[in-house]
Amino acid sequence: MNIYLPYFDTLISGTPGGVLVANMRYIVYSHPIAERYILSGFNVNFNPASVTITLASKTDKHVWSPFFHTSLHAVAGRVGDVEPVLLLPRAQPIEPYTRIQIAIENQSGENINNCLFTLVGTREFAEEVLCTTLKDWMYKAA
Amino acid sequence: MLTVYEPYFVDYVKGITKDYRTFKPIFLTSAIGFDGATASQHLTVFSPAVDADCILFAFNVDFNNSNVLVKITDVSSGYVWNMLQSSPTLTIAGSPNQCIMGVTGQVMPVLPLVCPFFLSRQSKLQYDFRNSATSLTTGGNVTAVGIKLLN
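Protein chains in written order, with numbering that gives the first Met the number 0: chain A, 0 to 141; chain B, 0 to 150.
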């Protein structure tokens with residue numbers, strides 16, 4: 000029996016200070032957590048003008064987008080627009096301790112500051128690790 | 000067999016609501032109170048406590064600022080919604096508010112949660128907000144939208 004809880008994994012994109020320097024490519028990894036989570040979509044907090052992205056799972060060796068031609072708009076939407084979280088076509092289960100490799104390239108010719116990339120999903124906890132309150136919820140949902 | 004996960008967990012919510020006789024809509028609004036003058040101001044506010052179990056489906060904020068960050072904690076269970084990366088030069092105090100709470104002024108100012116959240120009776124959500132460092136927001140209200148479960 001499992002319980003599902005909201006999960007947001009926020010990563011700094013670019014330099015350690017969150018700057019996507021013009022014409023540079025940065026690689027970040029999602030947090031490998033002990034539970035399975037169901038990835039539903041992505042969010043970025045900047046408007047990705049000429050920013051491209053490629054994604055790959057480091058656990059099941061699956062490349063989600065093969066080259067750097069994928070616009071960040073296509074993956075993570077546009078900040079400030081109707082869908083701040085752009086949903087995947089189908090929610091994707093991510094197995095425990097998986098790291099998703101996210102490579103972002105700024106081709107715009109200008110630095111972009113304060114860049115955060117967020118994975119939006121649902122964390123799946125097993126009964127054994129839950130506190131009383133969450134167990135109570137889980138039994139209700141069963 | 001291939002398992003396809005649908006967003007919004009409809010069956011999961013039905014599993015919870017079947018134990019209750021009825022439900023009523025509820026909007027839990029908390030004033031944030033950014034002073035609009037302090038860069039990167041940290042503020043902690045709580046959702047109002049409700050004397051009934053609730054399921055929260057969505058959030059709204061009444062300002063537009065993608066650089067306001069928020070971390071959410073359920074007080075009764077201690078569950079923290081956000082996983083945050085550490086960095087030697089940048090402190091992330093939360094996820095961008097728009098990825099949880101939507102964009103006010105847009106077609107969908109109330110952003111549905113992918114996974115609805117069960118807020119148990121008398122529990123509260125703790126919002127840890129951080130204002131932007133450059134374009135500051137003043138005031139601000141956050142609203143959790145859901146249903147109150149009644150017997």
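Glycine included, every Cβ here is placed at the ideal spot set by N, Cα and C.
- Contact between Ser29 (chain A) and Ile103 (chain A) is absent: CB atoms are separated by about 13 Å, not below the 8 Å threshold.
- When DSSP assignments are scanned along the segment 107 to 149 of chain B, the uninterrupted stretches of beta strand (DSSP E) that are 3 or more residues long and fall wholly within it turn out to be 110 to 118, 124 to 129 and 137 to 149.
- Taking 8 Å as the CB threshold, Phe58 (chain B) stays off the interface with chain A.
- Taking a C-beta distance under 8 Å as the contact criterion, Ser131 (chain B) and Asn64 (chain B) qualify as a contact pair.
- Flagged as an interface residue toward chain B: Ala90 (chain A), by a C-beta distance shorter than 8 Å.
- Looking at the DSSP output, Ala125 (chain A) sits in a beta bridge with A:Asn1.
- The criterion of a C-beta distance shorter than 8 Å is satisfied by Thr53 (chain A) and Phe66 (chain A).
- Judged by DSSP secondary structure, Asp80 (chain A) falls outside any beta strand (DSSP E); it is assigned neither H nor E.
- By the C-beta density criterion, Tyr96 (chain A) is exposed, having fewer than 16 other C-beta atoms within 10 angstroms.
- Excluding sequence positions up to five before and after Cys114 (chain B), its CB lies within less than 6 Å of the CB of Phe8, all in the same chain and listed in chain order.
- Counted as a single uninterrupted DSSP element, the alpha helix (DSSP H) harbouring Gly14 (chain B) occupies residues Val9 to Thr16.
- Close to Val113 (chain B), with beta-carbon spacing below 9 Å, are these residues of chain A in chain order: Pro5, Tyr6, Ile37, Ser39, Gly40, Val84, Leu86, Ala90, Val119, Gly120 and Thr121.
- Rounded to the nearest angstrom, the gap between the Cα atoms of Asp73 (chain B) and Gly108 (chain A) is 42 Å.
- Using a CB distance cut-off of 8 Å, Val78 (chain A) counts as an interface residue toward chain B.
- Looking only at A:Ala73, A:Gly79 and A:Gln106, the smallest Cα-Cα distance to Met107 (chain B) is reached by A:Gly79.
- One Cα belongs to Ala48 (chain A), the other to Thr21 (chain B), and the distance between them is close to 48 Å.
- Residue pairing from DSSP places Arg35 (chain A) in a beta bridge opposite A:Glu123.
- Look at Gln40 (chain B): its C-beta is not under 8 Å from any C-beta on chain A.
- Cβ-Cβ separation between Thr117 (chain A) and Thr9 (chain A): approximately 5 Å, consistent with a contact (criterion under 8 Å).
- The CB of Tyr126 (chain B) never comes closer than 8 Å to any CB in chain A; the least such distance is about 13 Å.
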